[in-house]
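Residue numbers (our numbering): 118 to 418. For every residue, glycine included, the Cβ atom is placed at its ideal position computed from N, Cα and C.
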Ligand SMILES: NC(=O)c1ccc[n+]([C@@H]2O[C@H](COP(=O)([O-])OP(=O)(O)OC[C@H]3O[C@@H](n4cnc5c(N)ncnc54)[C@H](OP(=O)(O)O)[C@@H]3O)[C@@H](O)[C@H]2O)c1
């Protein structure tokens, strides 16, 4: 080995030993992916899980299995919690909250904004996070994770958090990341429901979902462009029909309802779409853009 290679190796080892120690509490599908990404990046990683056997693969790759949550907390300067829900966090981590002092708590467990704020209240150095990714993409840039809470904690651990996926910080309210989470999940469910409904409709005519999917994907991409234009209208508080008026939308919505009934598939979903638009029309938005439905969702129409 040349001197240059020896130096390179020494530098790598020095960098590795400089990486902060991280604890991951919760080794379900997501927790294992988080711990795996941290191990792959070279972080000294301690793990804890109620069912200890789920740590076996991680331990074989160098993770330390802590026998108790208290031990796990003591081992890390950054404590990542990823359990089923807030009740599990209260039950497993709650009794050890005093041990969090001087460490940073990152709660990546899904929950409400209020639950995020409650858990963040256990310590000063805290972040709540939302994982907009599935376990298999954790550690890659296409995984995006949203954080809110202590700005200092985010700055201090930005590099480590970046090893899980791209990291965005929304400010000091620990509940904000959770709110973004559910709002974004609503987009996922709404979009998927529309795709599944469309697949059922075309399926009744003998079209395979895999033949429909490319057109659905192309259309979702076009529709996503509308969101940017409508966001500007929503923020201005005016909804000029620059593309199509709500009346024009409604005139076409009835066909989705009728075709669904004719195909013998679910009509609740299209009827709900139509009913929301009709409420906006009743509130005086017939000639406005589709963005005027924001008034319905705000509970004002
Ligand atoms: N999977 C995803 O694609 C995904 C994506 C985004 C966000 N998330 C969020 O990540 C979190 C974990 O999801 P997951 O997919 O990893 O779920 P999971 O595979 O069902 O794992 C749940 C974890 O919670 C633990 N747990 C449940 N109740 C507990 C209790 N009372 N005390 C201690 N531990 C308890 C389980 O321990 P045992 O192993 O002992 O049962 C396990 O480690 C959830 O909040 C989820 O919404 C998941």
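Item, Value
"Cβ-heavy atom distance, residue 224 to ligand 1, below 6 Å", "no"
"Distance between residue 281 and residue 189 (C-alpha atoms, nearest Å)", "20 Å"
"Through-space distance from residue 389 to residue 404, alpha-carbon basis", "20 Å"
"Secondary structure of residue 245, DSSP reduced to three states", "strand"
"beta-carbon residue 255 near ligand 1 non-hydrogen atom, thresh 6 Å", "no"
"Residue span of the alpha helix (DSSP H) that contains residue 299, given as start and end", "293-321"
"Beta-ladder partner(s) of residue 224, from DSSP", "198 and 245"
"Residue 407 versus residue 229: straight-line alpha-carbon distance, rounded", "29 Å"
"Reduced DSSP category for residue 419 - H, G, I as helix; E, B as strand; rest coil", "Because the chain is modelled from 118 through 418, residue 419 falls outside the range shown and cannot be assessed."
"Residue 410, DSSP secondary structure in three states", "helix"
"Pairwise C-alpha distance: residue 170 and residue 340", "45 Å"
"Residues of its chain near residue 182, where Cβ-Cβ distance is below 7 Å and the 5 sequence neighbours each way are ignored", "164, 169, 172 and 176"
"Any non-hydrogen atom of ligand 1 within 6 Å of residue 144 CB", "yes"
"Neighbour-count burial assignment, residue 315, 16 or more Cβ in a 10 Å radius", "buried"
"Completely contained alpha helix (DSSP H) runs for the segment 334-418, where each covers 4 or more residues", "363-380, 385-397 and 411-414"
"Residue 168 Cβ short of 6 Å to ligand 1 heavy atom set", "yes"
"Cβ-based burial, residue 219 [other Cβ within 10 Å; buried from 16]", "exposed"
"At least three beta-carbon pairs within less than 8 Å, the segment 142-157 to the segment 245-255", "yes"
"First through last residue of the beta strand (DSSP E) which encompasses residue 265", "261-266"
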